[in-house]
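Just below is one structure, and these are the notes that go with it.
Protein chains: 2
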Amino acid sequence: MSRVSRRRALTLAGVGAAGLAGAAALTQVDNEPELTAAAAATDAVAFTGANQAGIVTPAQDRLHFVAFDVITKDRERLIKLLRDWTAAAARMTAGRDAGTIGAVNGIPEAPPDDTGEAIGLPPSGLTITVGFGPTLFRDAAGKDRFGLAAHLPQALEPLPKFTGDTIDDTISGGDIAIQACANDPQVAVHAIRNLARIGMGAVSVRWSQLGFGRTSSTTTGQATPRNLFGFKDGTRNLKAEETDLLREHLWVQAGDGPDWLTGGSYLVTRKIRMLIETWDRSPLAEQEMIIGRTKGTGAPMGMTGEFDEVDFDSVGADGQPLLATTSHVRLAHPHTNNNARMLRRGYNYVDGSDGLGRLNAGLFFIAYQRDPRKAFIPVQRSLAANDEMNEYVRHVSTGIFACPPGITGTDDFWGSALFGQ
Amino acid sequence: MSRVSRRRALTLAGVGAAGLAGAAALTQVDNEPELTAAAAATDAVAFTGANQAGIVTPAQDRLHFVAFDVITKDRERLIKLLRDWTAAAARMTAGRDAGTIGAVNGIPEAPPDDTGEAIGLPPSGLTITVGFGPTLFRDAAGKDRFGLAAHLPQALEPLPKFTGDTIDDTISGGDIAIQACANDPQVAVHAIRNLARIGMGAVSVRWSQLGFGRTSSTTTGQATPRNLFGFKDGTRNLKAEETDLLREHLWVQAGDGPDWLTGGSYLVTRKIRMLIETWDRSPLAEQEMIIGRTKGTGAPMGMTGEFDEVDFDSVGADGQPLLATTSHVRLAHPHTNNNARMLRRGYNYVDGSDGLGRLNAGLFFIAYQRDPRKAFIPVQRSLAANDEMNEYVRHVSTGIFACPPGITGTDDFWGSALFGQ
Ligand code: HEM
Ligand code: HEM
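Structure representation (structure tokens):
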């Protein structure tokens, strides 16, 4: 039987093939090795802070998202889980194992406390972000499940049904959501898988989604990626540097609702199937009219640079507005929505094929905001009613979660203030 | 309306934000720009050669695999498709678009000949590898669909049913398979999606699989990755440098079967669901016994280094062999299988959850070999009968395809020799 730690393997990897001779020694190591220079030089994102990481953090390339049903009825068990999760998340985001990989506490029959597939991999920018769904506070019958009903924020209501919605309930909602983002998908998958393992008996995976490529920039330094319609996406996103706007539109402020959520944010998820085969048959000019930006540069219609201001007024030779009244950008823009802003953080997905000869592909839309009633909901209403793009998309899953503020001390845990601890 | 090419956007990206002012000019470019220094400096894999790329090519990190049903009945249409595909694959592996992104041949109503989501991305090591399934040669009723039945290799038979198989036919088989591997998943997805687009009306997507992380090394220089059981995978794989072994075990040789396949290889795919939650509950010692290697270093049981020879004979204090008789490594090893070898090239996958509270995760197993009757089939028989690992895995999809040799000239296309052209 051997023991090994993620960080130690990493150090070993750094010394090259010659280090393999030392492998036997490695398998005897019993204590979590200290942070070494080699490991420290990697790309870890700080786990603690006033706000949770994984929101304004420069959008990582890959996503593994999971929504859990809580199956325990025991409040203390739930609190213990949140404590254990927080500790494991702190370890994993630092590039460490979720727990000991070898015999646990000297008991050889115990299963390892880490599943091992991230051994040797650096932190890879991993962030783990948690949110609580409305059903954690009270169930469908209105029952207060864990003594939390009094702390339910008014804004944390299941999203309304929008025109055209084709939602599959089995992949929607959930009591607790966890978003793992990393630049290496193996690291993101490892994180969710280990949190699910730790939660065994207390929670059950309700649904889960992999995203292979980010569709947003969340800092001004990041290049704008492209979605599966082939367009740049995230150009006019809220950005980490816009601290005044983040205060106004992203972070829940004192007095907005229950105190436990101050410094947190509301997370909305929408899995949006994109009918890419149909899209691919439409001419470039039509695609650009539907989005309201050019495909090559991402410039707004009538402008030349990606970051030029959107021009609502200019008309073309035909007397029609250059930015069509049914274009996505016009309908989603703050001007049209009472200055609504949100931080988008979505990912492209492909889930195999659909049994009808087509790829099952689309956008796993993620948005964070201070109040969904002033951001996602009105914007989606406007899109659902008039967006020409609707012909090419189907919303198949929906979720809303209240994400508590960041972890601030070693005793702190996800939801500590919610549980009054 | 704008025009843009993948390579030109890439060059532009290279010059930074200042280049955005030139974007208007860019959108007017009508001809495919020449290769620039910036683009040439990226990681393209040669498309042409005696064998297809994507087999011994250093295993890229990400996979998008698709199997198509041919829906046209017209042999000439099929040949044209294979020609068009070959041309598009040559372009995309060089980091170019599949075709013009702007108005095609000056017709503004025509849809773009590339979908755009890879604009600005480098080649990313993209390889595109094609294989023909038995059903392309004759259908279930034995009918010769395209005048190819006489060229059906004897070894290209649907795989037998193995003990314990739980195969889903709807995600198995297929007339033509295409494997796209790249270090950027967006590039791999873009490739398959554009080939599917080009094939519209002639082929239909039967099934498709994304793989987020490689589970094999195919060259001695590559670090061994880990599968979702947390173990190093690919240690004792066939490697690109072992040219004598590749001749013996990987590439179809003259006289093996029909001439058109000489220089090709047989591709076997198996989607293997891994019951990771059950695995995660078993002790480390048991996991290591099942695999036959240690989890930390990947050394064979009783040895110290990952690349040490497997030791079949040593016994432990209890008199039992250190390498259990039911261990995966013992049962899969060439010693136990009449010296059978194959080149494994699999990928980890997570396809959301299974509706029963668990992640739907596993290994998309891919193996290339000279003759499946001497490699995959006997090895899988041995595993299916005795592998302790069977308790933790379920084979849910199966496929076999004959991959023609590489593209050797500008007029050459995938399957040219098969179609006698
Ligand atoms: C598959 C579905 C969608 C696609 C393909 C898509 C694509 C795009 C693209 C290409 C842009 C322009 C670039 C940018 O500023 O980021 C954009 C902007 C935007 N989208 Fe979407 N989007 C989708 C769904 C949604 C949804 C569901 C919402 C929210 C309800 C949304 C809200 C926005 C907002 C707020 C903007 C910025 C508008 C501006 O300020 O000019 N999008 N989207
Ligand atoms: C989920 C299923 C599987 C898992 C998790 C798995 C895992 C592993 C691991 C960890 C090794 C040891 C490292 C190495 O030498 O690569 C290995 C070796 C090997 N596996 Fe698998 N494997 C699976 C399925 C298969 C299948 C279906 C086959 C072929 C029928 C196969 C054939 C082999 C071979 C030939 C070796 C090398 C044995 C040797 O030469 O020592 N594996 N596998």
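Chains as they are written, first to last, in our numbering: chain A, 96 to 516; chain B, 96 to 516. Every residue gets a Cβ at the ideal spot worked out from N, C-alpha and C, and that includes glycine.
Is residue i buried or exposed, if buried means 16 or more other CB atoms sit within 10 Å of its CB?
| i | result |
| --- | --- |
| serine 219 of chain A | buried |
| alanine 132 of chain A | In this prediction, alanine 132 of chain A has a pLDDT of 38, which is less than 50 and means its spatial position is unreliable; nothing more can be read from the coordinates. |
| proline 255 of chain A | exposed |
| glycine 510 of chain B | buried |
| serine 409 of chain A | exposed |
| isoleucine 371 of chain A | buried |
| leucine 221 of chain B | buried |
| isoleucine 202 of chain A | exposed |
| glutamate 204 of chain A | exposed |
| leucine 451 of chain B | exposed |
| isoleucine 480 of chain B | The sequence shown places alanine at residue 480 of chain B, rather than the isoleucine named in the question. Classification for alanine 480 of chain B: exposed. |
| glutamate 404 of chain A | exposed |
| alanine 318 of chain A | exposed |
| lysine 238 of chain B | exposed |
| aspartate 234 of chain B | exposed |
| glutamine 348 of chain A | exposed |
| glutamine 464 of chain B | buried |
Since residue i meets chain A, which of its residues come closer than 9 Å, beta carbon to beta carbon?
| i | result |
| --- | --- |
| serine 492 of chain B | What serine 492 of chain B touches in chain A: nothing, since even the nearest Cβ is about 10 Å away. |
| tryptophan 180 of chain B | None at all; the shortest Cβ gap to chain A is about 16 Å. |
| isoleucine 196 of chain B | Gly325, Leu379, Lys390 and Gly391 |
| leucine 231 of chain B | Per Cβ cutoff of 9 Å: no residues; leucine 231 of chain B is ~17 Å from chain A at best. |
| alanine 365 of chain B | A small fix is needed here, since residue 365 of chain B is arginine in this sequence, not alanine. The premise fails here: arginine 365 of chain B is roughly 15 Å from chain A at the closest Cβ pair, so nothing lies under 9 Å. |
What are the boundary residues of the beta strand (DSSP E) that includes residue i?
| i | result |
| --- | --- |
| threonine 355 of chain B | The sequence shown places tryptophan at residue 355 of chain B, not threonine. Element bounds for tryptophan 355 of chain B: n/a, residue is neither H nor E. |
| serine 492 of chain B | 488-498 |
| serine 299 of chain B | 298-306 |
| alanine 272 of chain B | 271-277 |
| aspartate 482 of chain B | Careful: aspartate 482 of chain B lies outside any beta strand (DSSP E) and carries neither H nor E. |
| isoleucine 461 of chain B | 454-464 |
On a CA-only basis, which of the options is nearest residue i? Give me that one, please.
| i | options | result |
| --- | --- | --- |
| alanine 275 of chain B | B/Pro320, B/Gly149 and B/Thr314 | B/Gly149 |
| valine 151 of chain A | A/Glu486, A/Pro248, A/Ser311 and A/Asp482 | A/Ser311 |
| glycine 242 of chain B | B/Gly447, B/His430, B/His428 and B/Arg170 | B/Arg170 |
| lysine 334 of chain B | B/Phe324, B/Phe326 and B/Leu345 | B/Leu345 |
| glutamine 147 of chain B | B/Phe471, B/Gln516, B/Gly504 and B/Phe514 | B/Gly504 |
| histidine 285 of chain A | B/Arg321, B/Arg186, B/Val284 and B/Leu247 | B/Arg321 |
| asparagine 289 of chain B | B/Arg233, B/Gln382 and B/Leu176 | B/Leu176 |
| arginine 240 of chain B | B/Ala479, B/Asp270 and B/Asn455 | B/Asp270 |
| arginine 342 of chain B | B/Arg436, B/Ala272, B/Arg178 and B/Thr315 | B/Arg436 |
| asparagine 434 of chain B | B/Met396, B/Tyr442, B/Arg376 and B/Leu340 | B/Leu340 |
| alanine 277 of chain B | B/Trp355, B/Ala349 and B/Ala154 | B/Ala154 |
| serine 303 of chain B | B/Ile287, B/Leu478 and B/Thr357 | B/Ile287 |
| lysine 327 of chain A | A/Tyr463, A/Glu401, A/Ala213 and A/Thr195 | A/Glu401 |
| glycine 350 of chain A | A/Glu212, A/Gln249, A/Val225 and A/Thr313 | A/Gln249 |
| histidine 430 of chain B | B/Pro473, B/Gly414 and B/Phe514 | B/Pro473 |
| threonine 313 of chain B | B/Ala512, B/Phe307 and B/Asn332 | B/Asn332 |
| glycine 268 of chain B | B/Gly397, B/Asp279, B/Met396 and B/Glu252 | B/Glu252 |
| arginine 309 of chain A | A/Gly144, A/Ser448, A/Tyr444 and A/Gln516 | A/Tyr444 |
| arginine 439 of chain A | A/Leu458, A/Asp446, A/Leu454 and A/Arg453 | A/Leu458 |
Since residue i meets chain B, which of its residues come closer than 8 Å, beta carbon to beta carbon?
| i | result |
| --- | --- |
| histidine 159 of chain A | Val445 |
| leucine 478 of chain A | In chain order: nothing, as chain B lies at least about 21 Å away. |
Since residue i meets chain A, which of its residues come closer than 8 Å, beta carbon to beta carbon?
| i | result |
| --- | --- |
| phenylalanine 307 of chain B | Arg157, Pro280, Gln281, Val284, Leu305 and Phe307 |
Counting only Cβ pairs nearer than 9 Å, list the residues of chain B close to residue i.
| i | result |
| --- | --- |
| isoleucine 214 of chain A | Arg321, Gly325, Lys327, Lys390 and Gly391 |
Under 7 Å Cβ-Cβ, which residues of chain A neighbour residue i?
| i | result |
| --- | --- |
| proline 207 of chain B | Leu379 |
| alanine 193 of chain B | Chain A residues near alanine 193 of chain B: none, gap ~11 Å exceeds 7 Å. |
Following the continuous alpha helix (DSSP H) through residue i, name the residue where it begins and the one where it ends.
| i | result |
| --- | --- |
| arginine 157 of chain B | From DSSP, arginine 157 of chain B is part of no alpha helix (DSSP H) but of the beta strand (DSSP E) over 157-165. |
| valine 225 of chain B | Run containing valine 225 of chain B: none in the alpha helix (DSSP H); it sits in the beta strand (DSSP E), 222-227. |
| alanine 183 of chain B | 170-188 |
| valine 284 of chain B | 280-293 |
| isoleucine 385 of chain B | 379-386 |
| alanine 427 of chain A | 423-427 |
| aspartate 507 of chain A | Counting along the chain, aspartate 507 of chain A falls outside any alpha helix (DSSP H), and DSSP gives it neither H nor E. |
| aspartate 339 of chain A | 338-344 |
Indicate whether the contact test is met: 3 or more Cβ pairs, each with one atom in the segment 258-278 of chain B and one in the segment 356-373 of chain B, closer than 8 Å.
A contact exists between the segment 258-278 of chain B and the segment 356-373 of chain B.
Within 8 Å, do at least three Cβ pairs link the segment 355-362 of chain A to the segment 490-502 of chain A?
Taking one beta carbon from each stretch, the segment 490-502 of chain A and the segment 355-362 of chain A have 3 or more pairs nearer than 8 Å; the two touch.
Counting beta carbon pairs with one atom in the segment 161-180 of chain A and one in the segment 294-306 of chain A, are three or more of them shorter than 8 Å?
Contact holds between the segment 294-306 of chain A and the segment 161-180 of chain A, because three or more Cβ pairs, one in each stretch, are under 8 Å apart.
Say whether the segment 384-398 of chain B touches the segment 422-432 of chain B, bearing in mind that this needs 3 or more beta-carbon pairs closer than 8 Å, one atom from each stretch.
Contact holds: three or more Cβ-Cβ distances are below 8 Å.
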